[in-house]
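Below: one structure, written as structure tokens.
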DNA sequence: ATGAGATGTAATAATTAATATTACAACAAA
DNA sequence: TTTGTTGTAATATTAATTATTACATCTCAT
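Chains as they are written, first to last, in this note's numbering: chain X, 631 to 776; chain G, 631 to 776.
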């Protein structure tokens, strides 16, 4: 399976918000057109990012703004904002109330440590990726566009 | 979202197969009882593990056996055996044939490098975890069971 | 103050992905 | 040649994700 693409949409929105700063009011309708997602999905994502202190959203008049420097916003913060449980349990474990079988009784515990290691390595990598770096890459791409 | 739990079931099966070596014939029915999964699911998983050269499965008479030393079987091998595309694209990217919006046109490329980094870090960690180490942990748990 | 354009959120629907089931052909060995 | 098994296709079920509808609430310009 695949990690929800909400994360990708969120990054899209954040880059958009950054690029539009002082230029245009960034509404959920606008972002929904740019991302191809439903405006309610966008509003939910923005709402999560807002709760995490990454952006502010103006009620009524509308418009989203970053409330941190892009260099201080990491992919991990974004991901955690969207997923209430973070990366915990990102690899599913089957439920086996496995009767007498000792493997069934212990498999959950056996997998715990390996899966935590994996979660931690994802965390570390996500933490090393900033919105700033992605914005930089975006600008590089713009330069060489035809 | 969460990575398919096929991986967990596969590890369960492999530990079971290892523990049962020279003791019992490990059939898909037996594994399905221990894991709580449908026997066809088990057969599909075993089939994938077989194609990857991790186990042998006796046609007709039945029974699965490891065909490598557990120390030489890594979690990455197991995962790759199960998922045809490996970890590629584990984090989904939304499709936005984004008209004129430059963010929409470039978001895919912007996310490519960060997501590859994440995939690589998962790969490295999975590669450092062997079936042997999980079997060892399993034995430790058995020691201290009531 | 009020109308236009937003957000926030609940409820529901539609879609997609994961898992389970049924069915049966092919196989191996007693 | 019967019994128990694997391999696999086809289908059904279930669960998760994404989309939609609906509407209360808010802000500001007029």
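Backbone N, C-alpha and C define an ideal beta-carbon position, used for all residues, glycine too.
Check                                                                                                                                                                : Outcome
For the alpha helix (DSSP H) containing residue 748 of chain G, list its first residue and its last residue.                                                         : 732-757
Pull out every residue of the segment 639-667 of chain G whose Cβ sits closer than 7 Å to any Cβ of chain X, in chain order.                                         : 639, 641, 642, 645, 646, 649, 664, 665, 666 and 667
Is there a C-beta anywhere in chain X that falls below 9 Å from the one on residue 635 of chain G?                                                                   : yes
May I ask you to report which of helix, strand or coil DSSP gives residue 657 of chain X?                                                                            : coil
Using a threshold of 9 Å, state whether the C-beta atoms of residue 659 of chain X and residue 693 of chain X are closer than that.                                  : no
Quick one, which residues of the segment 725-745 of chain G are near chain X if we go by CB-CB under 7 Å, in chain order?                                            : 725, 726, 728, 731, 732, 733, 734, 736, 737, 739, 740, 741, 743 and 744
Is the Cβ of residue 747 of chain G closer than 9 Å to any Cβ of chain X?                                                                                            : yes
Could you tell me if residue 643 of chain X is buried or exposed, where buried requires 16 or more neighbouring beta carbons within 10 angstroms of its beta carbon? : buried
Could you check the C-alpha separation between residue 700 of chain G and residue 670 of chain X for me, to the nearest Å?                                           : 49 Å
Taking Cβ positions only, does residue 772 of chain X come closer than 9 Å to chain G?                                                                               : yes
For residue 687 of chain X, which residues does DSSP report across the bridge?                                                                                       : X:694
Closest to residue 696 of chain G by C-alpha separation, out of G:741, G:650 and G:714, would be which residue?                                                      : G:650
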